[in-house]
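Peer 1:
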Amino acid sequence: MSFVGPKEVIEEGDTVVLYLTPAMMHTIEAVRQIRNKKNEMIEYVFQTSFGALKVGELIGERYGARVQLTKGWAHVLQPNPELWTQTLPHRTQILYTPDISMILYQLEVRPGSIVVESGTGSGSLSHYFLRAIRPSGHLHTFDFHEERCVKAREEFTAHGLGDSVTVRQRDVCEQGFGPELDGKADAVFLDLPAPQLAIPHAAKAIRDEVTGDIGDYSRRFSRVSPWLSAKRLDYGDPRGEGLAASVVYLVKKANPSIDYLSQSIPSDSEFHVLIEGTGGNRGQCGRICSFSPCIEQSMRVCEALAEHGFIEVQNLEVLQIEDIVRTRNVPVMELEFLKTKKTSEDKDAKTPRESKKYITSSAPNTMAGHTGYLTIAELPPLFAR
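Note that the numbering used here gives residue 539 to position 377 of the sequence shown, counting from 1, and the numbers run on in steps of one.
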């Protein structure tokens with residue numbers, strides 16, 4: 163149960179991370195005995211590059227403690243999604259932290275969000291979703307491969323996350339996400355061979371109305387709209403009329419009785435406060451993200467998104483670059499010698515050269531290359547499509 167929250171002491175049944183080096187970590191279950199190939203219960207001894215570990219001795223130790231191996235030592239850590247991504251059993255290729263961080267940011271997942279994911283794969287991204295949406299949110303994850311669904315369900319339960327996730331075996335490109343999810347999802351993520359086939363089903367799954375109190379939503383925008391009209395701002399709404407016209411349209415639909423033109427025009431600072439407090443500041447219902455390793459897949463996804471009413475479609479590629487920061491001594495060039503002629507004494511004299519320290523930054527010789535393209539879009543409310 164160690165994924166659910168911070169713990170001090172390792173209990174029997176906990177999933178723990180055995181940290182040997184930054185490139186050498188193992189995930190193990192803290193139990194005293196395991197069943198061997200002959201179906202016999204034996205003492206659990208885990209073999210590492212630094213020797214053997216009797217796993218039962220971990221029970222009762224504090225997380226972060228250093229444990230002795232037969233040929234060295236290791237640290238035992240409490241797992242989190244980042245460590246799980248590096249140590250999980252691979253059933254498929256997985257996403258890693260650079261792409262995952264952008265996915266979570268672009269989908270705007272938060273506690274209470276309803277997230278739909280396909281496919282589940284090895285469950286790397288699923289653990290990040292669950293951390294972001296707990297305790298009141300829920301993850302609905304789909305995979306067409308039955309064995310992967312069974313394994314993922316077992317892992318979520320073992321990690322104490324089973325109450326926040328529903329795993330289903332289904333080909334969502336053909337069968338969709340099911341009528342029980344129509345109009346329910348705050349965010350949809352697709353990692354499929356042909357994601358464009360799932361776009362119509364994703365549009366059905368995304369909720370039809372904006373989040374939050376619609377009365378509060380309309381009241382806030384009723385004061386913002388005249389200011390926007392005066393400023394002539396274009397925020398890119400689906401009707402091509404600019405945010406001011408879009409806001410007026412949304413306000414009238416939400417509450418026709420509001421006389422938005424009679425409200426006082428807010429200042430610049432008030433405008434930002436009003437926008438930030440609306441919850442769905444541009445009236446979107448939900449967001450979608452698709453991961454595609456090939457640009458041709460991404461192009462087909464963009465076409466399908468535009469066809470089904472999604473707006474603000476953008477395509478991203480995340481490349482992680484580590485800057486190398488160093489302090490260097492740079493010689494100071496003395497140019498006084500240009501003004502005088504050299505003598506024989508100057509040639510024989512050896513004067514120490516002055517230097518200054520500078521902090522420099524340079525790119526590494528090698529870096530991680532292409533992983534895939536992230537295609538992100540949002541869906542406006544039903545009445546604004």
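Backbone N, C-alpha and C fix where the C-beta goes; we use that ideal spot for every residue, glycine too. Values in this document were obtained by computation on a predicted structure and should not be read as measured data.
Quick one: Cα of G442 to Cα of P184, how far?
Peer 2: With a pLDDT of 38 at G442, under the threshold of 50, the modelled position of that residue is not reliable, and the figure given next carries that caveat. If I take the Cα positions, the gap works out to 41 Å.
Peer 1: So which of A468, Q482, R272 has the shortest CA-CA distance to P542?
Peer 2: Closest by C-alpha distance to P542, out of A468, Q482, R272, is A468.
Peer 1: What's the C-alpha gap between G218 and I190?
Peer 2: 11 Å
Peer 1: Buried or exposed for W235, please, with buried defined as at least 16 other CB atoms from any protein chain shown within 10 angstroms of its CB.
Peer 2: Of the other Cβ atoms in all chains shown, fewer than 16 fall within 10 Å of the Cβ of W235; this residue is therefore exposed.
Peer 1: Have a look at E223 and R330 and give me their C-alpha separation to the nearest angstrom.
Peer 2: 37 Å
Peer 1: What residues are listed by DSSP as bridge partners for F208?
Peer 2: L215
Peer 1: For Q240 and L182, I'd like the C-alpha separation in whole angstroms.
Peer 2: 14 Å
Peer 1: With respect to the alpha helix (DSSP H) encompassing G366, which residues constitute its N-terminal and C-terminal limits?
Peer 2: Note on identity: in this sequence residue 366 is Lys, with Gly being the wrong assignment. Boundaries of the alpha helix (DSSP H) harbouring K366: 361-367, taken from the DSSP string.
Peer 1: Sorted by chain position, which residues of the same chain lie with C-beta nearer than 7 Å to L231's C-beta, five sequence neighbours on each side aside?
Peer 2: Around L231: T210, F212, G213, A214, L215.
Peer 1: What are the boundary residues of the alpha helix (DSSP H) that Y267 is part of?
Peer 2: Run containing Y267: 259-269, per the alpha helix (DSSP H) assignment.
Peer 1: Since V277 is in the beta strand (DSSP E), which residue starts that stretch and which ends it?
Peer 2: Here the beta strand (DSSP E) through V277 covers 276-280.
Peer 1: With H, G and I counted as helix, E and B as strand and the rest as coil, what does DSSP make of F383?
Peer 2: With a pLDDT of only 47 at F383, under 50, the local geometry of the prediction cannot be trusted, and the value read off the model is given with reservation. F383: helix per DSSP, three-state reduction.
Peer 1: With a 10 Å radius around its C-beta and 16 neighbouring C-beta atoms as the bar for buried, classify E552 as buried or exposed.
Peer 2: The structure shown does not extend to residue 552, since the chain is modelled only from 163 to 547, so the question has no answer here.
Peer 1: Tell me which residue opens and which closes the alpha helix (DSSP H) that V312 is part of.
Peer 2: 308-320
Peer 1: Is A347 near A365, with beta carbons less than 8 Å apart?
Peer 2: Taking 8 Å as the cut-off, the Cβ atoms of A347 and A365 do not count as close.
Peer 1: Helix, strand or coil: how does DSSP classify V480 here?
Peer 2: coil
Peer 1: Since H289 is in the alpha helix (DSSP H), which residue starts that stretch and which ends it?
Peer 2: 286-295
Peer 1: Going by C-alpha to C-alpha distance, which of G340, I457, R253 sits closest to E317?
Peer 2: Answer by Cα proximity: R253.
Peer 1: Around the Cβ of Q459, are there at least 16 other Cβ atoms within 10 angstroms (buried) or fewer (exposed)?
Peer 2: buried
Peer 1: Considering only residues of the same chain and omitting the five flanking positions on each side of L359, which have a CB-CB separation below 7 Å?
Peer 2: C335
Peer 1: The ligand SAM and I521: does any heavy atom of the ligand fall closer than 7 Å to the residue's C-beta?
Peer 2: Although the ligand SAM was asked about, the structure shown includes no ligands whatsoever.
Peer 1: Using beta-carbon positions only, say whether F453 and D333 come within less than 8 Å of one another.
Peer 2: no
Peer 1: Near R228, what residues of its chain come up, given a Cβ to Cβ distance below 6 Å and the 5 sequence neighbours on each side ignored?
Peer 2: Exclusion of the five residues before and after R228 leaves W235, H237 as the residues of its chain whose Cβ lies within less than 6 Å of its Cβ.
Peer 1: With DSSP as the reference, identify every bridge partner of K518, one or two as the case may be.
Peer 2: V492
Peer 1: Buried or exposed, going by whether 16 or more other CB atoms sit within 10 Å of the CB of E205?
Peer 2: Classification for E205: exposed.
Peer 1: If we count the other Cβ atoms within 10 Å of its Cβ and call it buried at 16 or more, is S298 buried or exposed?
Peer 2: exposed
Peer 1: Whose CA, out of G324, Y535, I486, lies closest to the CA of T528?
Peer 2: When C-alpha distances from T528 are compared across G324, Y535, I486, the shortest belongs to I486.
Peer 1: Helix, strand or coil for L354, going by three-state DSSP, please let me know.
Peer 2: Looking at L354 - three-state DSSP - the assignment turns out to be coil, as it is neither helix nor strand.
Peer 1: State the DSSP-derived secondary structure class of D305, mapped to helix, strand or coil.
Peer 2: In the structure shown, the three-state DSSP call for D305 is strand.
Peer 1: Using alpha carbons as the reference points, say which of M495, G531, T489, P493 lies closest to T522.
Peer 2: Among M495, G531, T489, P493, the Cα nearest to that of T522 is on T489.
Peer 1: Taking V463 as part of the alpha helix (DSSP H), name the residues at either end of that continuous run.
Peer 2: Where V463 is concerned, the enclosing alpha helix (DSSP H) stretches over 457-469.
Peer 1: Tell me where the alpha helix (DSSP H) around C451 begins and ends.
Peer 2: Counting along the chain, C451 falls outside any alpha helix (DSSP H), though it belongs to the beta strand (DSSP E) covering 448-454.
Peer 1: Taking 8 Å as the limit between beta carbons, can you name the residues of its chain near V271, skipping five residues before and five after?
Peer 2: For V271, where only same-chain residues beyond five positions count, the Cβ hits under 8 Å are V277, F291, A294, I295, G299, D348, A349.
Peer 1: Can you give the Cα-Cα distance for E479 and V207, rounded to whole angstroms?
Peer 2: For E479 and V207, the distance between alpha carbons rounds to 43 Å.
Peer 1: Tell me whether S111 sits in a helix, a strand or coil according to DSSP, three-state version.
Peer 2: The shown model of the chain, from 163 to 547, leaves out residue 111, and the question about it has no answer.
Peer 1: Taking only three categories from DSSP, how would you classify E336?
Peer 2: helix
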